[in-house]
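*Asks:* When you line the sequence shown up against mature numbering (1 follows the signal peptide of the UniProt record, and there is no 0), it's residues -23 to -1, 1 to 98, in that order. This is the structure I want to talk about, given as structure tokens.
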Amino acid sequence: MGKPILYKSVRILFSIFTLPVIALSSQAVLAEACNIQLHNSSSFKIREVKMSHVDKDNWGENLVDNLEDKVVWQDQSVNLQFDRDRDECLYDMKIINEHNQEEKLHGVNLCENSDFEISDE
């Protein structure tokens, strides 16, 4: 005699709900927190700092939004947190100042260096 239908449907529901959890947890394992130390030695305020995989135009969230003032002032050093892929080291960094002028740093190696100084030079 087979198992009751209720038992089978509960087992199917359990499988349906645990599959997305397993998929999400495997995604989380692939990312790790990366602390970026940013020193603003320039004459302007920094309004946005965004990261992207090298040579992609898929910019992530504005890391400055997580700061209390929502800006990196002149002569200020801040710690920005960025979730990078565990097996990826090279990223592009986009910096946007108070006048909406943007500057891009290409091929930044976050595995070797996470300390950056922004200057007018």
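Beta carbons are placed, not taken as given, at the ideal position from N, Cα and C, and that holds for glycine.
Report the partner residues of glutamine 14 according to the DSSP bridge assignment.
*Replies:* Per DSSP, Asn56 and Asp92.
*Asks:* Can you give me the start and stop residues for the beta strand (DSSP E) that glycine 84 sits inside?
*Replies:* That run of the beta strand (DSSP E) goes 79 to 86.
*Asks:* Using a threshold of 7 Å, state whether the C-beta atoms of phenylalanine 59 and isoleucine 23 are closer than that.
*Replies:* Against a cut-off of 7 Å, the Cβ pair of isoleucine 23 and phenylalanine 59 comes out as no contact.
*Asks:* When you compare the CB positions of isoleucine 95 and asparagine 17, do they come within less than 7 Å of one another, or not?
*Replies:* Going by C-beta atoms, isoleucine 95 is nearer than 7 Å to asparagine 17.
*Asks:* From what residue to what residue does the beta strand (DSSP E) around serine 29 run?
*Replies:* Looking at the DSSP string, the run of the beta strand (DSSP E) that includes serine 29 is 23 to 30.
*Asks:* Could you check which residue in Val55, Glu75, Asn77 and Arg63 has the C-alpha nearest to that of phenylalanine 93?
*Replies:* The candidate whose alpha carbon is nearest that of phenylalanine 93 is Val55.
*Asks:* Please identify the residue among Glu79, Glu65 and Lys33 whose C-alpha is closest to the C-alpha of valine 26.
*Replies:* Minimum Cα distance to valine 26 is reached at Glu79.
*Asks:* Tryptophan 50: which of Ser19, Leu82 and Ala8 sits nearest, CA to CA?
*Replies:* The option with the nearest alpha carbon to tryptophan 50 is Ser19.
*Asks:* Verify whether the separation of the beta carbon atoms of leucine 15 and aspartate 62 is less than 7 Å.
*Replies:* Not closer than 7 Å, so no.
*Asks:* Over the uninterrupted beta strand (DSSP E) stretch that includes asparagine 39, give me the two end residues.
*Replies:* Element bounds for asparagine 39: n/a, residue is neither H nor E.
*Asks:* Would you mind sorting glutamine 4 into buried or exposed? The rule is 16 or more other CB atoms within 10 Å of its CB.
*Replies:* Confidence is the limiting factor: at glutamine 4 the pLDDT is only 47, short of 50, which leaves the residue's position unreliable, though a coordinate-based value still follows. With fewer than 16 other Cβ atoms within 10 Å, it is exposed.
*Asks:* Cβ of glycine 84 within 7 Å of Cβ of valine 31?
*Replies:* Closer than 7 Å, so yes.
*Asks:* Given a cut-off of 7 Å on the beta-carbon distance, is the pair methionine 70 and leucine 82 in contact?
*Replies:* It is a contact, given that the beta carbons lie within the stated cut-off.
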